[in-house]
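Asks: Those protein sequence lines, which keep their order, are chains W and R. The opening residue of the first sequence carries number -9 in this note's numbering; numbering runs sequentially from there. The opening residue of the second sequence carries number 80 in this note's numbering; numbering runs sequentially from there. Yeah, the Cβ is synthetic: ideal placement off N, Cα and C, and Gly gets one too.
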Amino acid sequence: MSLDTQPTAKADGFLAVTVSDRRLLAGAIALFGIAALIGGAFLGLLLEGIRDFGGALAAFDSYLVRIVWFTLWQAVLSTVLSVIPAIVVARALSRHPVFRGRAFILRLFALPLALPAIVAALGILALLGRAGLLAAPLSALSGGIWPGIYGLSGILVAHVFFNLPLATRLLLGSLDTVPSDQWRLASQLGMTPLSTFRLIEWPAMRNALPGAAGLVFMLCVTSFTIVLTLGGGPAATTLEVAIYQALRFDFDPARAVTFTVLQMALTVLVMLVLARLGADTAVDANLPVTRRKFIAPGYAERSLNAVFIVLALAFVAGPIAATVVAGLSADFARLLTEPAVRQATTTSIVLAVLSALLSVMVALSLAAARRASAAKRGKPARFFEAVAGTGAGFVLVVPPIVIGAGWFILLRHTGAVFSVAPAMVVFVNAVMAMPFVIRAIRPAYDAAAERNDRLCAQLGILGWNRMRLIDWPALRGPIATGLAFAMALSLGDLGVIALFGSDAVQTLPYLLLARMGSYRTDDAAGLALLLGLLCLALIFLADRFGTKGAS
Amino acid sequence: MTIDPQAGTDVRLDDLHFSYGSSPMRFDVVFPAGTISAVMGASGSGKSTLLNLVAGFETPDSGRILIGNEDVTGLPPALRPVSMMFQENNLFAHLDVEKNVGLGCSPSLSLTDADSAVIAAALSRTGLTGKERRLPRELSGGERQRVALARVLVRNRPVLLLDEPFGSLGPALRLDMLDLLREVQAERSLTVLFVTHQPEDAQRVAEHIVFLAEGAVVAADRTETFFGEGGPAEFRHYIGDEITNFARKRT
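1) Tell me which residues share the same chain as residue 107 of chain W and place their Cβ nearer than 6 Å to its Cβ, disregarding the 5 neighbours each side in the sequence.
2) Please report whether the beta-carbon of residue 364 of chain W lies at a distance below 8 Å from any beta-carbon of chain R.
3) Exposed or buried, which one is residue 184 of chain W when buried takes at least 16 other CB atoms within 10 Å?
4) So that I know if they touch, is there some Cβ in chain W lying closer than 8 Å to that of residue 215 of chain R?
5) Where do the ends of the beta strand (DSSP E) carrying residue 107 of chain R lie?
6) Based on the DSSP output, what are the partners of residue 273 of chain R in its beta bridges?
7) Helix, strand or coil for residue 316 of chain R? Go by DSSP, reduced to three states.
8) Assuming residue 232 of chain R and residue 201 of chain R are in contact, meaning their beta carbons sit under 8 Å apart, how far apart are those beta carbons, in whole angstroms?
9) May I have the straight-line CA-CA distance separating residue 305 of chain R from residue 246 of chain R, to the nearest angstrom?
10) Tell me residue 97 of chain R's beta-bridge partners as DSSP assigns them.
11) Enumerate in chain order the residues of its own chain whose CB-to-CB distance from residue 393 of chain W is below 7 Å, with the five nearest sequence positions on each side excluded.
12) Given a cut-off of 8 Å, decide if residue 244 of chain W and residue 45 of chain W are closer than it, judged by their beta-carbon atoms.
13) Can you have a look at residue 122 of chain R and say buried or exposed, based on whether 16 or more other CB atoms are within 10 angstroms of its CB?
14) Give the single residue among W/238, W/352, W/33 whose Cα lies nearest to the Cα of residue 426 of chain W.
15) Counting only C-beta atoms, is residue 317 of chain W closer than 8 Å to chain R at any point?
16) Threshold first: 4 residues or longer. Then list the alpha helix (DSSP H) segments lying entirely within the stretch 312 to 377 of chain W, N to C.
17) Any C-beta of chain R sitting closer than 8 Å to the C-beta of residue 450 of chain W?
18) Which residues bound the alpha helix (DSSP H) around residue 414 of chain W?
19) Spatial neighbours of residue 115 of chain W within its chain, please: C-beta separation below 7 Å, excluding the five flanking residues on both sides.
20) Alpha carbon to alpha carbon, how far is residue 299 of chain R from residue 288 of chain R?
21) Buried or exposed: which applies to residue 457 of chain W, given that a residue is buried once 16 or more other Cβ atoms fall within 10 Å of its Cβ?
22) Looking only at its chain, what residues have a beta carbon closer than 8 Å to the beta carbon of residue 139 of chain R, apart from the 5 residues adjacent to it on each side?
23) In its own chain, which residues sit with a C-beta less than 8 Å from the C-beta of residue 38 of chain R, not counting the 5 before and 5 after it?
24) Given a limit of 8 Å on CB to CB distance, which residues of the stretch 114 to 141 of chain R reach chain W?
25) For residue 459 of chain W, which residues in chain R fall below 7 Å Cβ to Cβ?
26) Tell me, please, whether the CB atom of residue 466 of chain W is closer than 8 Å to any CB atom in chain R?
27) Straight-line CA distance for residue 301 of chain R to residue 112 of chain R?
28) Can you find a C-beta in chain W that's less than 8 Å from the C-beta of residue 183 of chain R?
29) Give the DSSP bridge partners of residue 288 of chain R, in chain order.
30) May I ask you to verify whether the stretch 525 to 532 of chain W touches the stretch 435 to 453 of chain W, counting CB pairs closer than 8 Å and requiring at least 3?
31) Can you tell which of W/203, W/139, W/311, W/96 has the C-alpha that lies nearest to the C-alpha of residue 267 of chain W?
32) Please list, in chain order, all residues of the same chain as residue 279 of chain W whose beta carbon is under 8 Å from its beta carbon, the five residues on each side excluded.
33) Tell whether a beta-carbon distance below 8 Å holds between residue 210 of chain W and residue 69 of chain W.
34) For residue 213 of chain R, collect the residues of the same chain with a Cβ closer than 7 Å to its Cβ; drop the 5 residues on either side in sequence, then sort them by chain order.
35) With respect to the alpha helix (DSSP H) encompassing residue 161 of chain R, which residues constitute its N-terminal and C-terminal limits?
36) From what residue to what residue does the beta strand (DSSP E) around residue 141 of chain R run?
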């Protein structure tokens, strides 16, 4: 028997040499695309800063100080108001690992994360606004006419609506890491609820607290939609909204440059502090598994815990229910046949699909490049591996409104500024969703590569054959999860479209904002219900694909 | 199909140096053509690295790998006249038995009638007839390794590398597989490099033993010599340790 190999194997063998380079090339193209998107925005800011340096400097006035102060102040208040109740609620849920409706409550607490901010803002207005469902009782209670929830209080209610459930889930997760032997020991030693809290529960939660608080703070510092819709005036404005107003209403790009640079500095600072605290900013959407805890709380504690849980439940369920109730009163027959609504729905879906596809492609390229460079030796490969790996997560430091503002300023003289709206929405949302999509795809990609790399190299299964026969079956679940998640994120986004939107290019959130602005409340509520359902359906699908892929 | 062992394909590591991710290793050894050589040594002595170098999964810093006098040092894994069986993950979990074996014929799974006949013969030889449509998870551990062996038959390469493929099987199954391996090796005159921890496996199937310690070959000889009175001291020490460890674990 001779050692000759078939000619086809020879051709495949040539590919074997280049295949890892192709993976690296894909990763390099993805990184270049991201860099170009962010770099272009920075270029716009830089050029404008140079052109009108005086104007940018003049933006440093008392108004700016007030905005920065308010940005930080509302974030601090939101964090405190979210995290401290979350400690109580998480402990209550942890003390009662089994009761009817517990799983439902935990699922409900995952909902706000999936809901577009503008939908939540509408839900809160539908409940607590001047004409909200609770306006009459609140008027009776306060003895005057209920003015509606706006300004700082509105912002805080919305931020707590989003972040109380998030913090509760994070802290509950930390409580569930306590080994069950410790609970058994506590009950054997006859610990009172107070000493259990002091000796077991608090130390467990204390570890997760900086991370949870840091994440909530970050989300509130970069909050745009909530402040725009509920802030209601210059007294309650954050940097992000100020950037938008400087560009869209004051036509003062030099001011916008100053605001943008400050916003960037602020987020970088918060990220650095977070990294120092060792916070894990990953949002885990899994349902916490609860073990038996061998504890029997007394009557007084049980009643108190029940009150905490019911209050938190009411706080989260209220705006969601109000969204549904208000939405149902809309005239859907007219709304759904209206050309503007149809146009906006189509635009939204097309842009979301494109953005999700792009996001998944970028995430796959980076996962492949990281894997390919991990197998290589030498410093450049190490560096590339780090950039394609952890480095990709740092795009979160650059808020979408910052990228949008930079490009808006760069393009404003070209006359193309509103016609690039679709491209901007697609690119920015794809990049913003990318870290989450990577989280969905990379573990599966690495596991499949770990299992199959040697076998495929041995058998000469390469390139298209490998994609078709080996990788696609292993990755289609995670890819579907990533697609659905990125689509939901893009569908609900108001940041970029608020800057670039116009009558010619409208998405559903943009149209919603317009209807709110022209006081067509019923229309807005109907659209909010539509948008909320779309996003929830996508998140539900993402979850389904995710669990199916895991089994 | 038989060949004259003298004209067959020996595996020669010629002053091979390798250092990535581990302490430096140096191999200089010949595995005789058409025989089974057991590769033994303590954990971390370089057994798997040696196999990975021959298979082409690792690239040496210097030196040459010759298979049947052909220098394969620069060839990618798929072009080397070599098949390899791992301890696990020999099969693609989502493909059935026939497809897993078929990948040995064509990496794109475009199979001709002739291929199908070859696959059927290999499945019959390894006792898997009737299980063509099963997925790996529907097979026992022993059956999975039989599928991997069937693919080795289909690929028909003169050198077979075994990285403890029977390590996780029970005693009876392991003996079955060892016997099947010996039969298949004799039928095809394969040159087999067999990494194992079990001295009795080596005694049962191997003509030669290559003993490694700290990334180098410290002894290479016929199996009888290894287990005889004048066997290498390192080897005697190694199996002695194994036996005392084993006894300690039992008590």
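Replies: Checking against the coordinates, here is how it stands:
1) For the purposes of this step, residue 107 of chain W is taken as residue 117 along the first sequence, with counting starting at 1. 215, 216, listed in sequence order.
2) Locating residue 364 of chain W in the first sequence gives position 374, counting from the first residue. Not one beta carbon of chain R lies nearer than 8 Å to the beta carbon of residue 364 of chain W.
3) Reading the first sequence from its first residue, position 194 is the one you call residue 184 of chain W. Answer is exposed; the Cβ neighbour count stays below 16.
4) Working through the second sequence from its first residue, we reach residue 215 of chain R at position 136. Judged by the 8 Å Cβ criterion, residue 215 of chain R is not in contact with chain W.
5) The residue you call residue 107 of chain R lines up with position 28 of the second sequence. Where residue 107 of chain R is concerned, the enclosing beta strand (DSSP E) starts and stops at 104 to 110.
6) As a first step, residue 273 of chain R must be located in the second sequence, where it is residue number 194. The partner list for residue 273 of chain R (beta bridge, DSSP) reads R/117, R/241.
7) Here residue 316 of chain R refers to the residue found at position 237 when the second sequence is read from its first residue. The answer is helix: DSSP assigns residue 316 of chain R an H, G or I state.
8) As a working mapping, residue 232 of chain R is identified with position 153 in the second sequence. As a working mapping, residue 201 of chain R is identified with position 122 in the second sequence. Confirmed, about 4 Å.
9) Along the second sequence, read from residue 1 onward, the residue named residue 305 of chain R stands at position 226. Along the second sequence, read from residue 1 onward, the residue named residue 246 of chain R stands at position 167. The alpha-carbon atoms of residue 305 of chain R and residue 246 of chain R are separated by roughly 22 Å.
10) What you label residue 97 of chain R is simply residue 18 of the second sequence in a count that begins at 1. DSSP lists R/104 as partners of residue 97 of chain R.
11) Indexing the first sequence from 1 puts residue 393 of chain W at position 403. Result list for residue 393 of chain W: 27, 28, 31, 418, in chain order.
12) For the purposes of this step, residue 45 of chain W is taken as the residue at position 55 of the first sequence. For the purposes of this step, residue 244 of chain W is taken as the residue at position 254 of the first sequence. Yes, Cβ-Cβ distance for residue 45 of chain W and residue 244 of chain W is below 8 Å.
13) What you label residue 122 of chain R is simply residue 43 of the second sequence in a count that begins at 1. By the 16-neighbour rule on beta-carbons within 10 angstroms, residue 122 of chain R is exposed.
14) Taking the first residue of the first sequence as position 1, residue 426 of chain W is located at position 436. Ranking W/238, W/352, W/33 by Cα distance to residue 426 of chain W puts W/352 first.
15) One-based indexing of the first sequence puts residue 317 of chain W at position 327. Not one chain R Cβ lies under 8 Å of residue 317 of chain W.
16) 322 to 327, 329 to 364
17) Taking the first residue of the first sequence as 1, we reach residue 450 of chain W at position 460. Judged by the 8 Å Cβ criterion, residue 450 of chain W is in contact with chain R.
18) For the purposes of this step, residue 414 of chain W is identified with residue 424 of the first sequence, where counting begins at 1. Its alpha helix (DSSP H) spans residues 411 to 449.
19) Translated into positions along the first sequence, residue 115 of chain W becomes position 125. Within the same chain, residue 115 of chain W has close Cβ partners 122.
20) One-based indexing of the second sequence puts residue 299 of chain R at position 220. One-based indexing of the second sequence puts residue 288 of chain R at position 209. Those two C-alpha atoms are separated by around 6 Å.
21) Position 467 of the first sequence holds residue 457 of chain W. Counting Cβ neighbours within 10 Å, residue 457 of chain W comes out exposed, since fewer than 16 surround it.
22) Here residue 139 of chain R refers to the residue found at position 60 of the second sequence. The residues are 95, 96, 97, 132, 152.
23) Residue numbering for chain R in the displayed model covers 80 to 330; residue 38 of chain R lies beyond these limits and cannot be assessed.
24) 134, 135, 136
25) Mapped onto the first sequence, residue 459 of chain W falls at position 469. The contacting residues are 188.
26) As a position in the first sequence, residue 466 of chain W is number 476, starting the count at 1. At a cut-off of 8 Å between beta carbons, residue 466 of chain W makes no contact with chain R.
27) Residue mapping note: residue 301 of chain R aligns to position 222 of the second sequence, counting from 1. Residue mapping note: residue 112 of chain R aligns to position 33 of the second sequence, counting from 1. Roughly 14 Å between the two C-alpha positions.
28) As a position in the second sequence, residue 183 of chain R is number 104, starting the count at 1. Under the 8 Å criterion on CB atoms, residue 183 of chain R is classed as interfacial with respect to chain W.
29) In the second sequence, counting from the first residue as 1, residue 288 of chain R sits at position 209. Beta-bridge pairing links residue 288 of chain R to R/117, R/300.
30) no
31) Within the first sequence, numbered from 1, the residue matching residue 267 of chain W stands at position 277. Ranking the options by Cα distance to residue 267 of chain W, first place goes to W/203.
32) Indexing the first sequence from 1 puts residue 279 of chain W at position 289. Summary for residue 279 of chain W: the model assigns pLDDT 48, below 50, so the residue's position carries little reliability; its value from the coordinates is reported in the next sentence. Leaving aside the five residues that flank residue 279 of chain W on each side, the residues in its chain whose CB is nearer than 8 Å to its CB run, in chain order, 166.
33) Counted from its first residue, the first sequence places residue 210 of chain W at position 220. Counted from its first residue, the first sequence places residue 69 of chain W at position 79. Yes, Cβ-Cβ distance for residue 210 of chain W and residue 69 of chain W is below 8 Å.
34) Sequence index remark: in the second sequence, residue 213 of chain R carries index 134 (1-based). Once the five neighbours on either side are set aside, the close Cβ partners of residue 213 of chain R are 175, 176.
35) On the second sequence, residue 161 of chain R is found 82 positions in, with the first residue counted as 1. No alpha helix (DSSP H) contains residue 161 of chain R, which is instead part of the beta strand (DSSP E) from 161 to 164.
36) Position 62 of the second sequence, counted from the first residue, corresponds to residue 141 of chain R. Segment 141 to 146, the beta strand (DSSP E) holding residue 141 of chain R.
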